[in-house]
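Since the structure comes first, as structure tokens, the remarks are kept for the end.
There are 2 protein chains.
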Amino acid sequence: MFPKLDPLLHSELRLAVMSVLAGVESADFTFLKAQTGATAGNLSVQIDKLANAGYIAVEKGFKGKMPCTTCRITPEGVEAFDSYVSALKEYLSAGQS
Amino acid sequence: MFPKLDPLLHSELRLAVMSVLAGVESADFTFLKAQTGATAGNLSVQIDKLANAGYIAVEKGFKGKMPCTTCRITPEGVEAFDSYVSALKEYLSAGQS
DNA sequence: TAAATTTGGTTTATAAAATAAACTTGTTTA
DNA sequence: TAAACAAGTTTATTTTATAAACCAAATTTA
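Read top to bottom, the protein sequences are chains A and B. Quick note: this note's numbering has the first sequence finishing at residue 880, numbered continuously throughout. Quick note: this note's numbering has the second sequence finishing at residue 880, numbered continuously throughout.
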């Protein structure tokens, strides 16, 4: 049977964000926006959801005088991402049983 | 940059259906329902969408006296599935580039 | 054989998601 | 100092996903 896919991660933008964050120590909002090509509004919403789920930690500070939102993946986020990838693989390897 | 994920395939149930169909010659409604664990209503809707996209071919007939809806993946469906898998891999291999 | 149940679905209603547009707050530049 | 820009947030709208309700035919049971 197909495993359930974590709906929080089964979203194009949230998955992209997690993918970026899985590869770096931390990333700020602007960087994530550039990497994902998302609109600011969409990104803001999806970051909120990931943060509420505990998959990422968000820190609001300033870089110079400009506001700067920094995100990093949490251990729970790493685990969730890994599980999602494993689950997904069951869907992709068609008919191998 | 992250490639766009085909929204028709980036859906848990539709992906499961395609995954099953990619591995068999054909499958009827009941089989797909059992394999995916979906409700009949949901399955019916998603099959329609895949058929409208040309990703699967649906044939309505009878097995004995009972109605029987048979599905099979089309060449376009195979191609779309392959592309989706490739695209998705870019999201899963975090920070490897 | 008539009623109840099951099979194989479809249609419809609803709740949740994704997304962009509009807005806010503050900063820099002309 | 007015206009433009930066970094986000909030809100509104359009899609989706999903299950519940429904339907017709076949089968089983009493």
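Cβ atoms here follow ideal geometry from the backbone N, Cα and C, with glycine treated the same way.
Taking a cut-off of 8 angstroms for Cβ pairs, the stretch 792 to 811 of chain B and the stretch 817 to 836 of chain A do not touch, as fewer than three such pairs fall below it.
Annotation for T852 of chain B: D811, F812, V841, K843 place their beta carbon closer than 7 angstroms to its own, counting only its chain and skipping 5 residues before and after.
Cβ atoms of L796 of chain A and T819 of chain A come within 8 angstroms of each other, at about 6 angstroms.
Within chain A, the residues whose beta carbon sits less than 9 angstroms from that of T819 of chain B are M784, F785, listed in sequence order.
Inclusion of F864 of chain B and M784 of chain B in the CB contact set at 7 angstroms is not warranted, their separation being larger than that value. S827 of chain A is outside the set of residues whose beta carbon lies under 7 angstroms from a beta carbon in chain B. For L791 of chain A, none of the residues of chain B pass the 8 angstroms Cβ criterion, the least Cβ distance being about 13 angstroms. At least one C-beta of chain A is nearer than 7 angstroms to the C-beta of Y874 of chain B. CA-CA distance, L788 of chain A to Y867 of chain A, rounds to 6 angstroms. DSSP, read as helix, strand or coil, puts M784 of chain A in coil. Residues of chain A with a Cβ closer than 7 angstroms to the Cβ of V868 of chain B are, in chain order, L875. For K832 of chain A, the enclosing alpha helix (DSSP H) covers residues 823 to 835. Residues of chain B whose Cβ lies closer than 7 angstroms to the Cβ of L788 of chain A are, in chain order, E795. Bounds of the alpha helix (DSSP H) holding K816 of chain A are 812 to 819.
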